[in-house]
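2 protein chains.
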Amino acid sequence: MIIGTFGPEGSYTEKAAKQWNETAELRYYDDIQDTVDAILRKEVDCSIVPVENSLEGSITLTLDLLMERQLIIVGEEIVKVEHCLLSKGKISDIKMIMSHPQALSQCRKFIKNNFKNIEVRSAMSTSHAAKLASESKEIAAIASYDSAKIYGLNILKKNIQDVNENFTRFIVIGKKIPIPSGNDKTSIIVYLEKNRPGALYEILGEFAKKGIDLTKIESRPTKKLLGDYLFHIDMRGHKEDEAVKGTLEKIKGIAGMLKILGSYPIAKSP
Amino acid sequence: MIIGTFGPEGSYTEKAAKQWNETAELRYYDDIQDTVDAILRKEVDCSIVPVENSLEGSITLTLDLLMERQLIIVGEEIVKVEHCLLSKGKISDIKMIMSHPQALSQCRKFIKNNFKNIEVRSAMSTSHAAKLASESKEIAAIASYDSAKIYGLNILKKNIQDVNENFTRFIVIGKKIPIPSGNDKTSIIVYLEKNRPGALYEILGEFAKKGIDLTKIESRPTKKLLGDYLFHIDMRGHKEDEAVKGTLEKIKGIAGMLKILGSYPIAKSP
Numbered sequence: 012m013i014i015g016t017f018g019p020e021g022s023y024t025e026k027a028a029k030q031w032n033e034t035a036e037l038r039y040y041d042d043i044q045d046t047v048d049a050i051l052r053k054e055v056d057c058s059i060v061p062v063e064n065s066l067e068g069s070i071t072l073t074l075d076l077l078m079e080r081q082l083i084i085v086g087e088e089i090v091k092v093e094h095c096l097l098s099k100g101k102i103s104d105i106k107m108i109m110s111h112p113q114a115l116s117q118c119r120k121f122i123k124n125n126f127k128n129i130e131v132r133s134a135m136s137t138s139h140a141a142k143l144a145s146e147s148k149e150i151a152a153i154a155s156y157d158s159a160k161i162y163g164l165n166i167l168k169k170n171i172q173d174v175n176e177n178f179t180r181f182i183v184i185g186k187k188i189p190i191p192s193g194n195d196k197t198s199i200i201v202y203l204e205k206n207r208p209g210a211l212y213e214i215l216g217e218f219a220k221k222g223i224d225l226t227k228i229e230s231r232p233t234k235k236l237l238g239d240y241l242f243h244i245d246m247r248g249h250k251e252d253e254a255v256k257g258t259l260e261k262i263k264g265i266a267g268m269l270k271i272l273g274s275y276p277i278a279k280s281p
Numbered sequence: 012m013i014i015g016t017f018g019p020e021g022s023y024t025e026k027a028a029k030q031w032n033e034t035a036e037l038r039y040y041d042d043i044q045d046t047v048d049a050i051l052r053k054e055v056d057c058s059i060v061p062v063e064n065s066l067e068g069s070i071t072l073t074l075d076l077l078m079e080r081q082l083i084i085v086g087e088e089i090v091k092v093e094h095c096l097l098s099k100g101k102i103s104d105i106k107m108i109m110s111h112p113q114a115l116s117q118c119r120k121f122i123k124n125n126f127k128n129i130e131v132r133s134a135m136s137t138s139h140a141a142k143l144a145s146e147s148k149e150i151a152a153i154a155s156y157d158s159a160k161i162y163g164l165n166i167l168k169k170n171i172q173d174v175n176e177n178f179t180r181f182i183v184i185g186k187k188i189p190i191p192s193g194n195d196k197t198s199i200i201v202y203l204e205k206n207r208p209g210a211l212y213e214i215l216g217e218f219a220k221k222g223i224d225l226t227k228i229e230s231r232p233t234k235k236l237l238g239d240y241l242f243h244i245d246m247r248g249h250k251e252d253e254a255v256k257g258t259l260e261k262i263k264g265i266a267g268m269l270k271i272l273g274s275y276p277i278a279k280s281p
């Protein structure tokens, strides 16, 4: 079993991959797109990428790739995110703070309150920032506790995210929709024709009628017109469950487009 | 009339500000938060910030500030975004490409296809990137046509965004909700209690019953729990219109929280 993960070593995505399968071989990719495409290139058995964070919301690149590519979601993992400020030197040495843009956003207040006039720079991933910080005392990284050990960095401050409870949800992209486990989730993308008021209401009505609980609704632009959206919807249940199956059939008739991304066991909160 | 705008000179936000009021004095701020807070600090009469792009979706920082601060939306503007690759030198001189993260995302394919192994770095704004590019031949900026003139840069390539039709919507934050113009939009934020299936359906039903057309629904995390969301909803109509007024009253009774952000004339597409 080979898992493609958004790297390098020490990333939160790696943590999610180990949570998903402790013994699998990991292969590290530079960005989310490359991690996802590794499964299409048949280099890996599955790929793990972040999809949503409790502070910053959706990782929109992941959502857009789910629309653009032919991918199957086969699982999800939730990881508690505890950012640390890491550096080879001391706080007084720091001239630049680097991290992934999402992590920088999650620590926006910490940076604003503690580091005025210090350059803040985006890195490809939190662990990539940690790797760069290992090359200069002047660079501090915002990254995981694990990254400190891997890259030989001092932990200058722990738990620096603006809100203590910070979780990221990851999805596992694989080859085959797993059979029902009894506690599943189904992910779809729906396109409703533009300028048809009430279309979303109609769609939600189909779920309500069957008592299907929606765990997420997120709009994304179609990238064609301003104000034209796709909806990413997650619901409880497996696409082979009678209620879900029947409802998706109905929605197929109402919606301009329905893409079923997969059904998979609901992750436990860590 | 003084307008606070996300600067420096040459930004798309400045273009929106000039579209909103040609003769007003502009005051430039470094980031979106500072631009928004300028109105709370009473430094300006109104502030203009981006809220949504047709390719990349919502500017989530703006949405989150609308929740966190007490702000009033008094207008909107739509600007056509035509990114250019700008530099003091030639394409062969370029060692780094800089721009705002949203602009970098909008030109992701262009960069990937034309510049392998070139450093891509985030800047505070597209015009800030242009300013930095004016200091070194090795830096190219992705910024507006206007920025080329302002910072004395060569236009190496025009219209480099991945999709030709690229629009950004801006909101005007002001002091007083304008009176109905006859063609208005109202923006609200709704919080539905978690784990109450069908609550969104119920809310949308109230709009559907009165024939109120929703132009946007976007979920944002509450930042408390993973899977707990607020909904930003835009609808046609003014909050003083009878149908809208009555519906908002009803929703107030159903929702855990209702925040009315403002009513304002609908912008013309450029």
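Chains A and B, in that order, give the protein sequences.
First residue of the first sequence? That's 12 in our numbering, and the numbers climb one at a time after it.
First residue of the second sequence? That's 12 in our numbering, and the numbers climb one at a time after it.
Even for Gly, the Cβ is constructed at its ideal location relative to N, Cα and C.
Environment of residue i [buried if 16+ CB atoms lie within 10 Å]
i: residue 250 of chain A; result: buried
i: residue 51 of chain A; result: exposed
i: residue 41 of chain B; result: exposed
i: residue 64 of chain B; result: buried
i: residue 263 of chain A; result: exposed
i: residue 174 of chain A; result: exposed
i: residue 180 of chain B; result: buried
i: residue 204 of chain A; result: exposed
i: residue 44 of chain B; result: buried
i: residue 231 of chain A; result: buried
i: residue 268 of chain B; result: exposed
i: residue 80 of chain A; result: exposed
i: residue 102 of chain B; result: exposed
i: residue 61 of chain A; result: buried
i: residue 12 of chain A; result: exposed
i: residue 122 of chain B; result: buried
i: residue 196 of chain B; result: buried
i: residue 190 of chain A; result: exposed
Minimum Cβ-Cβ distance from residue i to chain A less than 8 Å
i: residue 60 of chain B; result: no
i: residue 234 of chain B; result: yes
i: residue 146 of chain B; result: no
i: residue 201 of chain B; result: no
i: residue 174 of chain B; result: yes
Under 9 Å from the C-beta of residue i: neighbouring residues of chain B
i: residue 230 of chain A; result: 68, 69, 227, 228, 229 and 230
i: residue 254 of chain A; result: Those within 9 Å of residue 254 of chain A in chain B number zero; the least Cβ separation is about 13 Å.
Residue-chain proximity (residue i, chain B), Cβ-Cβ < 8 Å
i: residue 238 of chain A; result: yes
i: residue 224 of chain A; result: yes
i: residue 65 of chain A; result: yes
i: residue 216 of chain A; result: yes
i: residue 219 of chain A; result: yes
i: residue 92 of chain A; result: no
i: residue 89 of chain A; result: yes
i: residue 20 of chain A; result: no
i: residue 209 of chain A; result: yes
Under 8 Å from the C-beta of residue i: neighbouring residues of chain A
i: residue 133 of chain B; result: 112, 132 and 133
i: residue 185 of chain B; result: In chain order: nothing, as chain A lies at least about 22 Å away.
i: residue 212 of chain B; result: 212, 215, 216, 218 and 219
Inter-residue CB distance, residue i and residue j (contact presumed, cutoff 8 Å)
i: residue 84 of chain A; j: residue 198 of chain A; result: 5 Å
i: residue 100 of chain A; j: residue 49 of chain A; result: Actually they are not in contact, since the Cβ atoms of residue 100 of chain A and residue 49 of chain A sit about 36 Å apart, beyond 8 Å.
i: residue 168 of chain B; j: residue 93 of chain B; result: Rounded, the Cβ-Cβ distance is 11 Å, inconsistent with contact.
i: residue 244 of chain A; j: residue 77 of chain A; result: That pair is no contact at about 12 Å.
i: residue 95 of chain A; j: residue 159 of chain A; result: 6 Å
i: residue 151 of chain A; j: residue 97 of chain A; result: 6 Å
i: residue 110 of chain A; j: residue 153 of chain A; result: 4 Å
i: residue 140 of chain B; j: residue 164 of chain B; result: Rounded, the Cβ-Cβ distance is 10 Å, inconsistent with contact.
i: residue 133 of chain B; j: residue 112 of chain B; result: 5 Å
7 Å Cβ cut-off: residues of chain B touching residue i
i: residue 149 of chain A; result: Residues of chain B passing the Cβ test: none, with the nearest at roughly 17 Å.
i: residue 180 of chain A; result: 237
Practice task
Note down, one range per segment and in chain order, each alpha helix (DSSP H) of at least 4 residues found wholly within the segment 86-138 of chain A.
Solution key: Note on the segment 86-138 of chain A: whole alpha helix (DSSP H) runs with a minimum of 4 residues are 112-117 and 119-125, in chain order.
Practice task
Output the residue ranges of the alpha helix (DSSP H) runs that lie fully inside the segment 25-69 of chain A and measure 4 residues or longer, sorted by chain position.
Solution key: Taking only runs of at least 4 residues, the alpha helix (DSSP H) segments lying wholly in the segment 25-69 of chain A are 43-51.
Exercise for the section: At 4 residues or longer, and completely inside the segment 156-220 of chain A: list those alpha helix (DSSP H) runs for me, N to C. Expected result: Here the runs fully enclosed are 156-162 and 210-220.
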